[in-house]
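*Asks:*
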Amino acid sequence: MSILVCGGAGYIGSHMVKRLVEQGQDVVVADNLSTGHKKAINPKAKLYQGDIRDRAFLDQIFINEDITAVVHFAAFSIVPESMSEPLKYFDNNTGGMITLLEAMRDFGVKYIVFSSTAATYGVPEHMPIKETDPQNPINPYGLSKLMMEHMMAWADQAYGIKFVALRYFNVAGAAPDGTIGEDHGPETHLVPIILQVAQGKRKELSIFGDDYDTPDGTNVRDYVHVMDLADAHILALKYLKENNKSNAFNLGSSTGFSNKQMLEAAREVTGKEIPAKIADRRPGDPDSLIAASDKARSVLGWKPQFDDVHDIIATAWKWHSTHPKGYDDRN
Ligand code: UFG
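So in full-length UniProt numbering, spot 184 of the sequence shown is number 184, and the numbers just go up one at a time.
1. Kindly provide the ranges of any alpha helix (DSSP H) runs that are 4 or more residues long and lie completely inside the segment 55-137, ordered along the chain.
2. Expressed to the nearest angstrom, what Euclidean distance is found between the alpha-carbon atoms of Lys-318 and Pro-176?
3. How long is the line joining the alpha carbons of Ser-288 and Asn-64, rounded to whole angstroms?
4. Got a sec? Which residues, its chain only, sit under 6 Å from Thr-270 by beta carbon, not counting five neighbours each side?
5. Keeping to the same chain, check which residues put their C-beta closer than 7 Å to that of Met-147; ignore five residues upstream and five downstream.
6. Around the Cβ of Pro-140, are there at least 16 other Cβ atoms within 10 angstroms (buried) or fewer (exposed)?
7. Please name the residue in Asp-280, Ala-9, Arg-297, Gly-217 whose C-alpha comes closest to that of Asn-259.
8. For Ile-207, is the beta carbon positioned less than 7 Å from some heavy atom of ligand 1?
9. Please name the residue, chosen from Ala-40, Met-152, Thr-322, Ala-265, that lies closest to Gly-10 on a Cα-to-Cα basis.
10. On a CA-only basis, which of Tyr-159, Asp-308, Glu-242, Ala-119 is nearest Leu-143? Give me that one, please.
11. Relative to the C-alpha of Met-1, which residue among Asn-42, Gly-301, Ile-61 is closest?
12. Could you give the first and the last residue of the continuous alpha helix (DSSP H) run that contains Lys-39?
13. Helix, strand or coil, according to DSSP, for Ser-293 in the structure here?
Shown next, in the form of structure tokens:
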């Protein structure tokens, strides 16, 4: 009996694979390696290299392996890119989900844990954001994921495929043992960019806007450690196997940190100066995004271990400082 991790070579997926392997689970990874890294996959997991939009590729996995549940990370996730290339997002993310659910239906696989996102909420009406708040995404990325949530709900009703949608806020950090971490090309996320400046790989950090409606004028985000996120997926699998109903949960720390606060924390962790300047706003950034995450804590029993951004940044710094070229597998 195996868990299929779609996108298991990516940043979050690879940490999930590591956690599953540590728990003694048999893990099968499906990844087209378009953004992921072979070296990120725990050697105890079995890789099928291919695209989840390819039905024959999925059939081969479901025929060869005894898959009991799917954890689905395989998607594009860069908000600004989704604004300029929306169809790429609907094709890969939303389209990929159609093929995956069809294959699950045909092979009788009844459980899926899905990477959803705070971006499905759009500009929130309340803070912190609750799972029951309106979902009105303001970018194609968020909409592609919301459509995937809706598809799973209808697939549950029609075919009895149970799902848990985990709506991530801002994921950061790396495996505390320093073996795997974040390596995107190009990098767009705040924490790795700050650390690249600390490493001298970039001249300075551009802080996108300091005139937002927040205490120091810079955007406020809710940071959650990637291993805590992986643990939430493990709990979601358990929740589904206990015959609970399909559900959605926010995953965040319920505490907001501004971009300036994140920079300051990184200066403290690294002991580096980390030059920074204020730049123009980046389109599509809401002022603040903070999760109400008590539902995941009470229903799933989720207890995040990293409740301080310094600790989160320290694990990322361990990865970046020991792997200055990331996985070093790009041409
Ligand atoms: N930022 C900068 N400078 C940079 C990079 C980022 O100031 O060089 C700022 C952004 O403007 C934003 C904050 O840092 O205010 C965080 O930006 P990230 O790009 O790290 O993360 P986002 O909040 O944009 O996106 C994350 C996930 C998305 C998800 C979204 C939900 O990466 O997948 O949260 O809101 F959709």
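Every residue gets a Cβ at the ideal spot worked out from N, C-alpha and C, and that includes glycine.
*Replies:* According to the structure data:
1. 55-64, 79-84, 86-89, 96-107
2. Indexing the sequence shown from 1 puts residue 318 at position 318. Indexing the sequence shown from 1 puts residue 176 at position 176. Rounded to whole angstroms, Lys-318 to Pro-176 spans 8 Å at the Cα level.
3. Translated into the one-based positions of the sequence shown, residue 288 becomes position 288. Translated into the one-based positions of the sequence shown, residue 64 becomes position 64. Computed Cα separation, rounded: 46 Å.
4. For the purposes of this step, residue 270 is taken as residue 270 along the sequence shown, with counting starting at 1. The residues are Ala-198, Trp-317.
5. The count along the sequence shown starts at 1 and reaches residue 147 at position 147. Here the set comprises Thr-94.
6. As a working note, residue 140 is residue 140 in the sequence shown. By the neighbour-count rule (16 or more Cβ atoms within 10 Å), Pro-140 is buried.
7. The residue you call residue 259 lines up with position 259 of the sequence shown. Here the closest residue by C-alpha is Gly-217.
8. Indexing the sequence shown from 1 puts residue 207 at position 207. The answer is yes for Ile-207.
9. Within the sequence shown, residue 10 is the residue found at index 10, counting from 1. Among Ala-40, Met-152, Thr-322, Ala-265, the Cα nearest to that of Gly-10 belongs to Ala-40.
10. Sequence index remark: in the sequence shown, residue 143 carries index 143 (1-based). Among Tyr-159, Asp-308, Glu-242, Ala-119, the Cα nearest to that of Leu-143 belongs to Ala-119.
11. Working through the sequence shown from its first residue, we reach residue 1 at position 1. Minimum Cα distance to Met-1 is reached at Ile-61.
12. Mapped onto the sequence shown, residue 39 falls at position 39. Premise fails: Lys-39 is in no alpha helix (DSSP H) and is neither H nor E.
13. Taking the sequence shown and counting its residues from 1, one reaches residue 293 at position 293. In this structure, Ser-293 counts as coil in the three-state DSSP scheme.
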